[in-house]
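**Student:** Once you've had a glance at the structure underneath, I'll fire off some questions.
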Amino acid sequence: MPTVNPDTATSQHQNVLVRPTEGDEVGFSTGATLLWRRTAGGVEIAHPFTEFTISDSVMVSSLSELVELGVLHGQTQFEDAAVQLICSSAPTKAAAWRAYYENSINELADGTSPFSPVHLRARSLIVGDDILEVGCCFGFFALACARDGRSVLACDISPGAIDLLATASMSLGLTVEAAVANAVALPYPDDHVDTVTLIHLLEHLDDEDTTTAISEALRVARQRVVIAVPFEEVPTEHFGHLLRLTEDELRLWAGKVDHAGADVFSDHGGWLVLTPHG
78 MPTVNPDTAT SQHQNVLVRP TEGDEVGFST GATLLWRRTA GGVEIAHPFT EFTISDSVMV
138 SSLSELVELG VLHGQTQFED AAVQLICSSA PTKAAAWRAY YENSINELAD GTSPFSPVHL
198 RARSLIVGDD ILEVGCCFGF FALACARDGR SVLACDISPG AIDLLATASM SLGLTVEAAV
258 ANAVALPYPD DHVDTVTLIH LLEHLDDEDT TTAISEALRV ARQRVVIAVP FEEVPTEHFG
318 HLLRLTEDEL RLWAGKVDHA GADVFSDHGG WLVLTPHG
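Numbering follows our numbering, in which position 37 of the sequence shown is assigned residue number 114; successive positions increment by one, without gaps.
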């Protein structure tokens, strides 16, 4: 799933302004869902989304179109536009984030999100009662696992994302123990949880950090490590992807770490499932 870092996405950064539409907009170009126009200092984007329609999938698809059209450039502009779009979809920021979480989780659960198959497969691979999601971003997967009745830990390098997840879990009545942490130095003891997941995280890391992150996951997991990555012809810059991955790369990753067994397969991207030494 594309990640958005609310810590680096700040209001009107690089002169991107995103706001709700206001009646008949004049002088705007029209996309599938968004309007935009060039300004003296950047770009102004108008959107139709409300607290009833905002979700991760509509945000990503709408802004990705503007990247393809050359309106937005790079990860920072994409993340800035994403946070502004979400925050301006309801009368208050708190209401906007609450709606964004609720709508996104519902889409993932009912299969209408493009990322639903990845979540479904990942949840099917979990073993045991407790799980750690590494690189959770907004924590949709962690919340889904909590809804399944599992004991859930989640961590991310972004303090802002962890704050949002903590607020959302309380609002939804779900228990997720969220913490700020780096995937290459997890603050958890050995054999701490049954399953550790790294879902669409490792494509954001360089080769050295990827190996370290997998080793850390194997250290913390008692039974299984589940890794999912996108397969792309070209790494998506505005999502912060650094690596072009295939099943061959996943097998190379498995060969660089100490484990008791590995399974590599494809299903809406690539999967590497590792068994730690008992």
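We put the CB at the ideal spot given by N, CA and C, even for glycine.
Considering only the alpha carbon of each residue, which of Gly355, Glu121, Thr130 lies closest to Ala176?
**Tutor:** Taking the sequence shown and counting its residues from 1, the one referred to as residue 176 is at position 99. Among Gly355, Glu121, Thr130, the Cα nearest to that of Ala176 is on Thr130.
**Student:** Just how far apart, CA to CA, sit Glu102 and Leu220?
**Tutor:** Along the sequence shown, one-based indexing puts residue 102 at 25. Along the sequence shown, one-based indexing puts residue 220 at 143. In a straight line, the C-alpha of Glu102 is about 38 angstroms away from that of Leu220.
**Student:** Sort out for me which residues DSSP pairs Leu162 with in a bridge.
**Tutor:** Within the sequence shown, the letter at position 85 stands for residue 162. Note: Leu162 sits in no beta bridge, so no partner.
**Student:** Whole angstroms is fine: what's the gap from Asp268's alpha carbon to Val297's?
**Tutor:** Here residue 268 is taken as the residue at index 191 of the sequence shown, counted from 1. Here residue 297 is taken as the residue at index 220 of the sequence shown, counted from 1. Roughly 5 angstroms between the two C-alpha positions.
**Student:** Classify Val334 as buried or exposed, calling it buried when 16 or more other Cβ atoms lie within 10 Å of its own Cβ.
**Tutor:** Stepping through the sequence shown from its first residue, residue 334 is reached at position 257. Its Cβ being crowded by 16 or more others within 10 Å, Val334 is buried.
**Student:** What's the C-alpha gap between Ile208 and Tyr265?
**Tutor:** As a first step, residue 208 must be located in the sequence shown, where it is residue number 131. As a first step, residue 265 must be located in the sequence shown, where it is residue number 188. Answer to the nearest angstrom: the Cα atoms are 12 angstroms apart.
**Student:** Roughly how many angstroms separate the alpha carbons of Ser201 and Met247, rounded to a whole number?
**Tutor:** Locating residue 201 in the sequence shown gives position 124, counting from the first residue. Locating residue 247 in the sequence shown gives position 170, counting from the first residue. When rounded, the distance between both Cα atoms is 25 angstroms.
**Student:** From which residue to which residue does the beta strand (DSSP E) around Ile122 run?
**Tutor:** Position 45 of the sequence shown, counted from the first residue, corresponds to residue 122. From DSSP, the beta strand (DSSP E) with Ile122 extends over 120 to 124.
**Student:** For my contact list, Ala158 and Leu140 are in at a C-beta cut-off of 8 angstroms; report their separation, rounded to the angstrom.
**Tutor:** Reading the sequence shown from its first residue, position 81 is the one you call residue 158. Reading the sequence shown from its first residue, position 63 is the one you call residue 140. Sure, about 5 angstroms apart at Cβ, within 8 angstroms.
**Student:** Where does Thr130 sit, in a helix, a strand or coil, going by DSSP?
**Tutor:** Here residue 130 refers to the residue found at position 53 of the sequence shown. Here Thr130 sits in coil by DSSP.
**Student:** Considering just the uninterrupted stretch of the beta strand (DSSP E) at Gly347, what are its terminal residues?
**Tutor:** Stepping through the sequence shown from its first residue, residue 347 is reached at position 270. It spans 347 to 352 - the beta strand (DSSP E) in which Gly347 sits, taken as one unbroken run.
**Student:** What number of angstroms, rounded off, separates the C-alpha of Phe126 from the C-alpha of Ser228?
**Tutor:** Taking the sequence shown and counting its residues from 1, the one referred to as residue 126 is at position 49. Taking the sequence shown and counting its residues from 1, the one referred to as residue 228 is at position 151. Cα to Cα, Phe126 sits roughly 34 angstroms from Ser228.
**Student:** Alpha carbon to alpha carbon, what distance is there between Ala339 and Ala305?
**Tutor:** Residue 305 sits at position 228 when you count from the first residue of the sequence shown. Residue 339 sits at position 262 when you count from the first residue of the sequence shown. Cα to Cα, Ala305 sits roughly 13 angstroms from Ala339.
**Student:** Determine, using beta-carbon pairs with one atom in the stretch 339 to 348 and one in the stretch 179 to 198, whether at least three such pairs fall under 8 angstroms.
**Tutor:** Yes, the stretch 339 to 348 is in contact with the stretch 179 to 198.
**Student:** Between the Cα of Ile276 and those of Ala171, Arg224, Val253, Pro194, spot the shortest distance and give me the residue it belongs to.
**Tutor:** For this step, residue 276 is matched to residue 199 along the sequence shown. Among Ala171, Arg224, Val253, Pro194, the Cα nearest to that of Ile276 is on Pro194.
**Student:** With DSSP collapsed to three states, give me the class of Ser193.
**Tutor:** Here residue 193 corresponds to residue number 116 of the sequence shown, with the count starting at 1. Residue state, collapsed to three classes: helix.
**Student:** Exposed or buried, which one is Glu121 when buried takes at least 16 other CB atoms within 10 Å?
**Tutor:** As a working mapping, residue 121 is identified with position 44 in the sequence shown. Its Cβ being crowded by 16 or more others within 10 Å, Glu121 is buried.
**Student:** Would you list the residues sitting across from Thr107 in a DSSP beta bridge?
**Tutor:** Reading the sequence shown from its first residue, position 30 is the one you call residue 107. Paired residues: Leu112.
**Student:** Give me the DSSP bridge partner(s) of Gly338.
**Tutor:** As a working mapping, residue 338 is identified with position 261 in the sequence shown. Note: Gly338 sits in a beta bridge opposite Thr352.
**Student:** Using 8 angstroms as the Cβ pair cut-off and three pairs as the minimum, do the stretch 161 to 176 and the stretch 221 to 240 touch?
**Tutor:** Output reads no: the stretch 221 to 240 does not touch the stretch 161 to 176.
**Student:** Under 9 angstroms between the Cβ atoms of Val148 and Thr110?
**Tutor:** Within the sequence shown, residue 148 is the residue found at index 71, counting from 1. Within the sequence shown, residue 110 is the residue found at index 33, counting from 1. In this structure, Thr110 does not lie closer than 9 angstroms to Val148 by Cβ.
**Student:** Is Leu94 helix, strand or coil when you go by DSSP?
**Tutor:** Taking the first residue of the sequence shown as position 1, residue 94 is located at position 17. Strand at Leu94.
**Student:** Rounding to the nearest angstrom, what Cα-Cα distance links Glu254 and Ala223 in this structure?
**Tutor:** Translated into the one-based positions of the sequence shown, residue 254 becomes position 177. Translated into the one-based positions of the sequence shown, residue 223 becomes position 146. Going by the C-alpha atoms only, they are around 10 angstroms apart.
**Student:** Is Asp133 buried or exposed, if buried means 16 or more other CB atoms sit within 10 Å of its CB?
**Tutor:** Taking the sequence shown and counting its residues from 1, the one referred to as residue 133 is at position 56. Flag for Asp133 reads buried.
**Student:** Taking the beta strand (DSSP E) that Arg227 belongs to, which residues open and close that run?
**Tutor:** Taking the first residue of the sequence shown as 1, we reach residue 227 at position 150. Element bounds for Arg227: n/a, residue is neither H nor E.
**Student:** Taking the alpha-carbon positions, what's the Ala258 to Leu241 distance?
**Tutor:** Translated into the one-based positions of the sequence shown, residue 258 becomes position 181. Translated into the one-based positions of the sequence shown, residue 241 becomes position 164. If you take the alpha carbons of Ala258 and Leu241, they lie about 15 angstroms apart.
**Student:** Start and end of the beta strand (DSSP E) containing Ile182?
**Tutor:** Taking the first residue of the sequence shown as position 1, residue 182 is located at position 105. That residue, Ile182, is in no beta strand (DSSP E); its alpha helix (DSSP H) goes 170 to 187.
**Student:** Could you give the DSSP three-state label for Glu102: helix, strand or coil?
**Tutor:** Start at 1 with the first residue of the sequence shown, and residue 102 comes out as number 25. In this structure, Glu102 counts as coil in the three-state DSSP scheme.
**Student:** For the alpha helix (DSSP H) that contains Ile291, what are its first and last residues?
**Tutor:** Your numbering for residue 291 matches position 214 in the sequence shown. Per DSSP, Ile291 belongs to the alpha helix (DSSP H) from 284 to 297.
**Student:** Looking only at C-alpha atoms, which of Asp233, Ala245, Thr107, Asn92 sits nearest to Trp174?
**Tutor:** The residue you call residue 174 lines up with position 97 of the sequence shown. Of the candidates Asp233, Ala245, Thr107, Asn92, the one whose C-alpha sits nearest the C-alpha of Trp174 is Ala245.
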